[in-house]
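To keep things clear, I will list the structure first and then write my remarks on it.
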Amino acid sequence: MKAKNIGLNGIEEPWWIDFPETDICKAVYPDVLHGLHKALNIIVLWNTNIVSKLELDARFRRLPKWPGFHHFTGVIAGAVPPEAIRATRAELDFIYLAQYQSHTDSTLLQLLKYNTVFHQNKNIFIKTGACKGKKGTINHFNIPKLHTHWHYPEFIQRFGATDNFSTETPEHYHIEYAKKAYKGVSKRDYAEQMVWWLDRQEKVKYFDR
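Numbering (the numbering used here), first residue to last: 222 to 430.
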């Protein structure tokens, strides 16, 4: 009950309770998809709440049709307060920099600077009423995906570049060999049917060669 009262999940006896030297925060680390890209989705949603979906779509349609051209902060410029622009740009810069294949002390320090800029300007999303979650408007930033950004330099120092703890590859295989296979069967005794479906798909690919 004490945990639930402060917004935690109320797990009284976690599995690591008998390992006194274990720091679970250092044993479980975020990956690029869920720790970075999913966090950006939150910022995009807040900006959308300020601009509106229709206006945001209209602004994207006015962008030059040029392969590889991406400029989200340019899309929302003039439609959101300057603080929102600074916070969003800092978040984007953080995500791009965090995915470098190699890092130095200066790049890790720059990560902290980008994160500091975001937190210095984030309150604008509460002031404008854009900070909303599944249960409606929220007036705090106790969001794990955003908090973990402070720990990325430590994660990178301990485990190397973020590619070393990315779930992109297993996520891709999960789609190809689990989700698609499940959709291709009758849902009864699906495990065996999925094996047969995958076997046939593989044979078709070899036949095409």
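Beta carbons: idealized from backbone N, C-alpha and C, even for Gly.
query	result
Outcome for residue 238 when other beta-carbon atoms lying within 10 angstroms are tallied against a minimum of 16	exposed
Three-way DSSP call (helix, strand, coil) for residue 357 in this model	strand
Touch test, the segment 292-307 against the segment 249-258, Cβ-Cβ under 8 Å, three pairs minimum	no
Range of the contiguous alpha helix (DSSP H) that encloses residue 296	293-297
Contact set for residue 376: own chain, Cβ-Cβ below 6 Å, skip 5 residues either direction	250
Own chain residues within Cβ distance below 6 Å of residue 349, not counting five before or after	271
Sequence-distant residues of its chain with Cβ nearer than 7 Å to residue 267 (five each side left out)	346, 351, 352
Residue from 343, 400, 372, 293 with nearest C-alpha to residue 360	343
Supposed close pair residue 339, residue 312 - CB separation, criterion 8 Å	5 Å
Residue 404 to residue 425 span [Cα, whole Å]	18 Å
The segment 312-327 in contact with the segment 374-393 per 3-pair CB rule at 8 Å	yes
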